[in-house]
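Counting from 2, one number per residue, gives the positions in the sequence shown under my numbering.
Where a beta carbon is used, it is the ideal one built from N, C-alpha and C, also for glycine.
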Amino acid sequence: MKRIIFPKSLQKGDKIAVISPAGAVEPSQLEKGIEMIRNKGYEPVLGKHLYSNFSHGYHYAGTEKERINDINWALNDDEISAVWASRGGYGCQHLLENIDLKKFSKNPKWYIGYSDNTAIQSYLLKHGFASIHGQTIKTSSFGVTEESYNLIFDILNGKSLEYGIKSHDLNKMGFCEGELVGGNLALIYALLGTDYSFKFKNRILFIEDIGENFYALDRMIMSLELAGVFKKVKGLIVGGMTNMGNEKENTSYNESFDEFANQLISDRISKYNFPVVYGFPNGHIKDNRPLIIGGNVKLEVEDKVTIKFEN
Numbered sequence: 002m003k004r005i006i007f008p009k010s011l012q013k014g015d016k017i018a019v020i021s022p023a024g025a026v027e028p029s030q031l032e033k034g035i036e037m038i039r040n041k042g043y044e045p046v047l048g049k050h051l052y053s054n055f056s057h058g059y060h061y062a063g064t065e066k067e068r069i070n071d072i073n074w075a076l077n078d079d080e081i082s083a084v085w086a087s088r089g090g091y092g093c094q095h096l097l098e099n100i101d102l103k104k105f106s107k108n109p110k111w112y113i114g115y116s117d118n119t120a121i122q123s124y125l126l127k128h129g130f131a132s133i134h135g136q137t138i139k140t141s142s143f144g145v146t147e148e149s150y151n152l153i154f155d156i157l158n159g160k161s162l163e164y165g166i167k168s169h170d171l172n173k174m175g176f177c178e179g180e181l182v183g184g185n186l187a188l189i190y191a192l193l194g195t196d197y198s199f200k201f202k203n204r205i206l207f208i209e210d211i212g213e214n215f216y217a218l219d220r221m222i223m224s225l226e227l228a229g230v231f232k233k234v235k236g237l238i239v240g241g242m243t244n245m246g247n248e249k250e251n252t253s254y255n256e257s258f259d260e261f262a263n264q265l266i267s268d269r270i271s272k273y274n275f276p277v278v279y280g281f282p283n284g285h286i287k288d289n290r291p292l293i294i295g296g297n298v299k300l301e302v303e304d305k306v307t308i309k310f311e312n
């Protein structure tokens, strides 16, 4: 397994590009997040098509060509030190065949985002580069925790991550160590069988999702099962599962960690013996603590759960 490259730490005054690789956004939705970047001592640089709106069965932040131009500018411009996605939604898969890493490979930078951005993070990891699975800029206007963002800036400043969370009744005890892969389950599922899918052998898998019917959640987990993913991974971390099922029927619909969703996942993987953690605070939830995709993780699941990243 080749060594994963971690981008260098940022210095005060460095420029952070803000781009929209997927869904359209309004300026008012990004004001707070952009100001936060300034307040932390960095210079936000806005992509040319950050606020574009192209309607084609969905409101994208520009045409595919416009979004490709923005991401390739942000990844390859030597004056940019990090790239932060404005939001997810849908559209990142459109970019995968045309992402250019020529200059990026010589000067890697952190890419930050989650949800649909899982597709881009899978692409980057396939080429050997770590990224940050954490809050987008838009979510800063939704009342998310300040810690969710502060921890991202800690990573940008070169600090290591270590989490201790309470145990869950469905957890499977044990210890494992390996490279973290994953993100949004719908995107992991959508990339299966393509050249852009994560590699799962001897990795620790993280999954989270939002707004799925329970049968759709089961279908995605079943697809991972049929693809042999659970025979390959060394451990599993389950994050936020929210707005699941039918809002009128599910009393836990607005909870960050839907218990029936967790039980459904647990039932499907019951025959495997790797360590499993439920209720990790990352996903489409207000307390979305960042994870490093491609980071080496020591996962210990006992009465308390410890997740430690080692660069």
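Determine the contact status of residue i and residue j, defining contact as a CB-CB distance below 8 Å.
{"i": "residue 263", "j": "residue 239", "result": "yes"}
{"i": "residue 72", "j": "residue 22", "result": "yes"}
{"i": "residue 160", "j": "residue 82", "result": "no"}
{"i": "residue 122", "j": "residue 191", "result": "no"}
{"i": "residue 298", "j": "residue 181", "result": "yes"}
{"i": "residue 120", "j": "residue 97", "result": "yes"}
{"i": "residue 19", "j": "residue 87", "result": "yes"}
{"i": "residue 219", "j": "residue 265", "result": "yes"}
{"i": "residue 74", "j": "residue 92", "result": "no"}
{"i": "residue 8", "j": "residue 135", "result": "no"}
{"i": "residue 133", "j": "residue 293", "result": "yes"}
Buried or exposed: residue i, going by 16 or more other Cβ atoms within 10 Å of its Cβ?
{"i": "residue 139", "result": "buried"}
{"i": "residue 213", "result": "buried"}
{"i": "residue 221", "result": "buried"}
{"i": "residue 57", "result": "exposed"}
{"i": "residue 4", "result": "exposed"}
{"i": "residue 128", "result": "exposed"}
{"i": "residue 197", "result": "buried"}
{"i": "residue 110", "result": "buried"}
{"i": "residue 274", "result": "exposed"}
{"i": "residue 165", "result": "exposed"}
{"i": "residue 257", "result": "buried"}
{"i": "residue 195", "result": "exposed"}
Within the same chain, show all residues whose beta-carbon is closer than 8 Å to that of residue i, passing over the 5 residues directly before and after it, in chain order.
{"i": "residue 251", "result": "245, 259 and 261"}
{"i": "residue 224", "result": "190 and 193"}
Measuring straight from C-alpha to C-alpha, what distance separates residue i and residue j?
{"i": "residue 204", "j": "residue 51", "result": "34 Å"}
{"i": "residue 1", "j": "residue 76", "result": "The first residue shown for the chain is 2 and the last is 312, placing residue 1 beyond what the model contains."}
{"i": "residue 89", "j": "residue 66", "result": "17 Å"}
{"i": "residue 300", "j": "residue 55", "result": "43 Å"}
{"i": "residue 118", "j": "residue 215", "result": "23 Å"}
{"i": "residue 131", "j": "residue 148", "result": "21 Å"}
{"i": "residue 199", "j": "residue 126", "result": "8 Å"}
{"i": "residue 40", "j": "residue 13", "result": "11 Å"}
{"i": "residue 311", "j": "residue 114", "result": "21 Å"}
{"i": "residue 64", "j": "residue 271", "result": "44 Å"}
{"i": "residue 306", "j": "residue 124", "result": "29 Å"}
{"i": "residue 286", "j": "residue 152", "result": "15 Å"}
{"i": "residue 247", "j": "residue 254", "result": "8 Å"}
If I measure Cβ to Cβ from residue i and keep anything under 6 Å in the same chain, skipping five residues before and after, which residues do I get?
{"i": "residue 284", "result": "209, 240 and 241"}
{"i": "residue 116", "result": "89 and 185"}
Using C-beta distances below 7 Å, list every residue in its chain close to residue i, excluding the 5 sequence neighbours before and after it, in chain order.
{"i": "residue 276", "result": "173, 174, 175, 176, 177, 236, 300 and 302"}
{"i": "residue 99", "result": "69"}
Does at least one heavy atom of the ligand ADP sit under 7 Å from the Cβ of residue i?
{"i": "residue 220", "result": "Absence of the ligand ADP from the depicted structure is noted, as is the absence of any ligand whatsoever, leaving it without description."}
Worksheet item: Should the stretch 178 to 198 be regarded as contacting the stretch 145 to 165, the criterion being three or more beta carbon pairs within less than 8 Å?
Response: Here the stretch 178 to 198 does not lie against the stretch 145 to 165, with fewer than 3 beta-carbon pairs under 8 Å apart.
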